[in-house]
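Remarks on the structure that follows.
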Amino acid sequence: MYEDGYQSITNIDISFTVVKQMTELYKDRYSTLVYKQMDVRQLQYQDGTFDAVIDKGTFDSILCGDGSGPNAAQMLAEIHRVLAPNGVYICISYGTSEQRVRYFQSTDFEWQVSHHLVAKPTISASSVVSAQQQDDRNFHWVYIMRKQAPASQ
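Residue numbers (the UniProt record's numbering): 1 to 153.
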């Protein structure tokens, strides 16, 4: 993303060690990247701070832990809060639509939800997933939630 022109990027992780390692690893190559140690359930940003939030695996991890239901709801509430009007939350997951959409379509959130299947990369760039391989293990599910702008007064 950085090399495609998206250079105002904030990365968070609950692990101080990961944040320290990533900061050190990319400090020279991607000098404007920001890394913060933070819990996604308690984001330390003002309402409407971000135009986009991209998540690859965090929501899945939350759902695998103790207290998964309340923790997932708290995570989504925080993401919704920090998204600007018309902002987009993109969640890349291994969870099928039957497993994930119910969380995203909660009436607590004013966002439009869509989802897409994306084939996982293969070792060979020319390889195509065959009909026999078209099961959930060969795909990522990409969920897109667009936060609604407030109604005009």
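Ideal Cβ placement from N, Cα and C applies to all residues, glycine included.
### Task
Give every residue of the same chain whose Cβ lies closer than 8 Å to the Cβ of glutamate 110, excluding the five residues on either side of it in the sequence, and list them in chain order.
His80, Lys147 and Gln148
### Message
When you compare the segment 95-106 with the segment 47-58, are there three or more beta-carbon pairs, one atom per stretch, that lie closer than 8 Å?
### Response
no
#### Entry: Where the beta strand (DSSP E) through alanine 84 begins and ends
83-93
### Query
Once you ignore the five residues that flank valine 113 on each side, which residues in its own chain have a CB closer than 8 Å to its CB?
Val101, Phe104, Gln105, Tyr143, Ile144 and Met145
### Task
Could you check which residue in Val88, Pro85, His115 and Gly87 has the C-alpha nearest to that of glutamine 99?
His115
### Message
Taking its Cβ as the centre, do 16 or more other Cβ atoms sit within 10 Å of isoleucine 14, making it buried, or is it exposed?
### Response
exposed
### Query
With distances taken from CA atoms, which of Thr49, Thr32, Asp4 and Thr122 is nearest glutamate 78?
Thr49
#### Entry: Endpoints, alpha helix (DSSP H) assigned at phenylalanine 16
16-26
### Query
Helix, strand or coil: which one does DSSP assign to tyrosine 143?
strand
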